[in-house]
Every structure is written in C-alpha cells, then in structure tokens.
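Student: As they're listed, the protein sequences go chains A and B. Heads up: the first sequence runs through residues 354 to 471, numbered per our numbering. Heads up: the second sequence runs through residues 39 to 153, numbered per our numbering. Backbone N, C-alpha and C fix where the C-beta goes; we use that ideal spot for every residue, glycine too.
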Amino acid sequence: SAVISQKPSRDICQRGTSLTIQCQVDSQVTMMFWYRQQPGQSLTLIATANQGSEATYESGFVIDKFPISRPNLTFSTLTVSNMSPEDSSIYLCSVEGASVGRGNTEAFFGQGTRLTVV
Amino acid sequence: AQKVTQAQTEISVVEKEDVTLDCVYETRDTTYYLFWYKQPPSGELVFLIRRNSFDEQNEISGRYSWNFQKSTSSFNFTITASQVVDSAVYFCALSEADRDDKIIFGKGTRLHILP
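1. For a cutoff of 8 Å on Cβ pairs, would you count B:F113 as touching chain A?
2. Note down the Cα distance separating A:A408 from A:L431, rounded to an integer number of angstroms.
3. Count Cβ pairs between the region 360-379 of chain A and the region 411-418 of chain A that sit closer than 8 Å; are there 3 or more?
4. So, is A:I421 buried or exposed, given that buried needs 16 or more other C-beta atoms within 10 angstroms?
5. If you reduce the DSSP assignment to three classes, tell me which class A:P438 lands in.
6. If B:I42 and B:G144 are in contact, beta carbons under 8 Å, what's the gap, nearest whole angstrom?
7. According to DSSP, what are the bridge partners of B:T43?
8. Listed from N- to C-terminal order along the chain, which residues in the region 406-439 of chain A have their beta-carbon within a distance smaller than 9 Å of any beta-carbon of chain B?
9. Count the other CB atoms within 10 Å of the CB of B:E134; is the residue buried (16 or more) or exposed (fewer)?
10. DSSP three-state label for B:T110, please.
11. Which residue comes first and which comes last in the beta strand (DSSP E) that contains A:I416?
12. Would A:S395 count as contacting chain B if we go by Cβ distances under 8 Å?
13. Return the residue from the list A:A400, A:C376 and A:F461 that minimises the CA-CA distance to A:P424.
14. How about B:E134: is its C-beta nearer than 8 Å to some C-beta of chain A?
15. Classify B:A135 as helix, strand or coil using the three-state DSSP reduction.
16. Could you give the distance in angstroms between the alpha-carbon of A:S406 and the alpha-carbon of A:L426?
17. In this structure, does DSSP put B:V51 in helix, strand or coil?
18. Could you check whether B:L152 and B:S80 sit closer than 8 Å to each other, using their CB atoms as the reference points?
19. Could you tell me the boundaries of the beta strand (DSSP E) in which B:E97 lies?
20. Do you know whose CA, among B:D67, B:Y102 and B:H150, lies nearest B:V127's CA?
21. Could you check where the beta strand (DSSP E) with A:P424 kicks off and where it finishes?
22. Short check: CB of A:L445 to CB of A:C366, under 8 Å?
23. By alpha-carbon positions, which one of B:N114, B:A131 and B:C61 ends up nearest to B:Y102?
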C-alpha cells in the first residue's frame, strides 16, 4: 500500500498563477522533503518541511517562490507561485522509511505531480 | 560538500549483455547512506537498494549486484544478463545523517537495452 499520497497528479496551469500541491503520509513523520524533477533531469531537493518550524530551503530555492506549509505530522503542501513555463516539472514529496516505522530501508516517494505551465 | 557523480549519461547495450553503472560520491560524514533508484518510462521511482556507510559487503539480488568501495568512494551497480525491461534511468543517491537524511541525487544514467 502507498505510504504517500500526492494531489494533484498532474495539472496544466496558466503562467502567473499559483498551484498548491498536497502530500499526505499515512504515518506521523518529523521531516518531509520536496523535490523537483525538470524534464529529462535528475531530482533536485527544494526544501525540507519541518513540523513546527519554517521550512529549510536549498540553494536556489526561496520561500516566496515555493512556500511550504506543514500544519501537522502527516501533511504538507508546496505552492509553486507566479508560475512560468520554466516551472514545468514533476514535483515529488518524500519521507525516510525509518521515520515511518519501515526500518532501515528506502526513502518513500509520492507518485509526483506533473506540472505544465503554458 | 555532499555530491554524487554519475559520469555515464547514457549507455546502450544489447540484451543479455552485462552492464555496470558507475557512481562516485563525496561526503565529509562518517555516517551516510547510498541508494540506487530506477525510473522507468512510466516515471515512478523504484527503490533498488540502500546501503549504510558501515556495511561494505557487496550485495546481490537476482541479476542485480552492487559493489561498495569506500576506498574509492564508489557504489557501482551491475546488471547481469540485461533484459529490455531494464531500460530506464538509474539514479544513485546519497544521504548524510548529519544533514537530516535528505537525499541528494546524481544526474542519472539512461540505460537502453536493445533487443
């Protein structure tokens, strides 16, 4: 069964608008991670969503562009703001297997949100 | 700095050949984890293996094997008797215990298995 549910699975958006992506985990976790995968590229970490504090952003990513919410231990949202065609990517959330009681195994990824900005 | 290098951008082999995908990593931590993920054309990430820095034993799982060499900071992945279904992008990745276990991915190697 899936550990992580992401919504929407895909969307086509107009430039200048914003899209909020939801990530639901079936266990309580301290940290959740948001990644971006641009077409034909690898996964790049956007930020770590900490429960009870501000998200920690990686170099090249800022809160104004990618605001993150973490209202509880099972849920997070990533918003892609003021979108441009360059934001067309797959966005994925992730949690560590150990943090959801799966032991020393994999990191779990959502199925991703495929975003196209036109 | 935390870094993963997959020097092979794209590889093509004929079915039934063996193929090795290279991965070299950089880390200052003594405790870290290495991963391989497969991303088939459908797009989902398929977990293959996770290895911690204290376990240098090589791993074999069916046609897949992994060679972890701390002396050369490498974690190479070999597919034996390749099959067309092995065609995918393969990512090597690293997480460090001192960096909240967030995973940093290499750029990936696109593997084509030709019938």
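Tutor: Inspection of the coordinates gives the following:
1. no
2. 10 Å
3. no
4. buried
5. helix
6. At residue 42 of chain B the sequence reads Val, which differs from the Ile that was named. Indeed they touch by this definition, with Cβ atoms about 4 Å apart.
7. B:V62
8. T409 and E411
9. buried
10. helix
11. Looking at the DSSP string, A:I416 is not in any beta strand (DSSP E), and its letter there is neither H nor E.
12. yes
13. A:C376
14. no
15. helix
16. 12 Å
17. strand
18. no
19. E97 to S99
20. B:H150
21. I421 to N425
22. no
23. B:N114
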